[in-house]
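Working notes, beginning with the structure itself.
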């Protein structure tokens, strides 16, 4: 997660410790999760990442092995193998968070923004097959149309109409 330290120091002299970091933009995975409902199972893992996550030895070794051979495959195969890695770590029952509290606590405004984005996603998923306007969504969120427009530009990096069109194509 952003801002979480990515290094570790073992207090045990004889301990062998390796750190492997899987880095990707939050917007990238959020977009994948929006369009592919199966990937929404990653949400608890992404939230836990704010506290740092250590995986079971078995899962960690499998992931390291997969990542070491990842670049030997063509791009499409790399993507499918990377999704397999995400699935492995998302389903690791032995995973533990390293901190009790999030390293960077979200402000009240950030929490409110996250809830609004989740509300937008839920509303569009529920109503994409009907005539949905920016005014309808603004009314649902109790915001002005210009505030909803800014929300789309900030969080989705595209206008409302384009997001809705992509969602409809995805469901076609």
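Numbering (the numbering used here), first residue to last: 1 to 172. All C-beta atoms in this analysis are idealised placements derived from N, C-alpha and C, irrespective of residue type, glycine included. Computed from a predicted structure; not experimentally measured.
Requested in this report: For residue 140, collect the residues of the same chain with a Cβ closer than 6 Å to its Cβ; drop the 5 residues on either side in sequence, then sort them by chain order.
Outcome: 123
Query raised in the report: Which two residues bound the contiguous alpha helix (DSSP H) that contains residue 92?
Result: Neither: residue 92 is in no alpha helix (DSSP H) and is coded neither H nor E.
Query raised in the report: Taking buried to mean at least 16 other C-beta atoms within 10 Å of its own C-beta, is residue 98 buried or exposed?
Result: exposed
Query - The alpha helix (DSSP H) enclosing residue 28, as first and last residue numbers - result: 26-35
Query - Residues of its chain near residue 86, where Cβ-Cβ distance is below 7 Å and the 5 sequence neighbours each way are ignored - result: 42
Requested in this report: Pick out whichever of 76, 18 and 157 has its Cα sitting closest to the Cα of residue 173.
Outcome: Missing from the structure shown is residue 173; the chain here goes from 1 to 172 and no further.
Query raised in the report: If we ignore side chains and look at the alpha-carbon of each, how far apart do residue 136 and residue 89 end up?
Result: 39 Å
Report task. With DSSP as the reference, label residue 51 as helix, strand or coil. Result -> helix
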